[in-house]
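Colleague:
Numbering (our numbering), first residue to last: 2 to 122.
(1) Within a Cβ cutoff of 7 Å, which residues of the same chain sit near residue 94, ignoring the five residues on either side of it in sequence?
(2) Which residues does DSSP list as the beta-bridge partners of residue 94?
(3) Just the Cα atoms here: how many angstroms apart are residue 27 and residue 90?
(4) Comparing alpha-carbon positions, which option in 40, 107, 32, 80 lies nearest residue 72?
(5) I need the boundaries of the beta strand (DSSP E) containing residue 111, first residue and last residue.
(6) Are residue 8 and residue 63 close, meaning C-beta to C-beta below 9 Å?
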């Protein structure tokens, strides 16, 4: 079995359309197994981007996992997460502390360390 190919993004800060457009182009050529976004998916007060994501205007081209960054998630996204509902196709929340196994069998361990707890989780 070949090693999984992973596309890793830093903080998108709400720039989902250009990031996922670039991901689609790269994915069509490289056939990534999944992507990880580390850092802020959304910018502060990013309800408009969240609405575009939820109504299908922004397409996530491959399974993509994200964590909590320094910006709070929009209320509509938090509501979906708290209800254990799918945010949108191919977008998966890792949580503050979790172990997730992808469909390819890769285990992703997410741990968030905050400054106020001295970097301890």
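We treat Cβ as the ideally placed atom computed from N, Cα and C, and that holds for glycine.
Because the structure is a prediction, the values reported are computed rather than measured.
Modeller: Short version:
(1) 67, 82, 88
(2) Here residue 94 is bridged, per DSSP, to 67.
(3) Take the alpha-carbon of residue 27 and the one of residue 90: they are about 19 Å apart.
(4) 40
(5) 108 to 112
(6) yes
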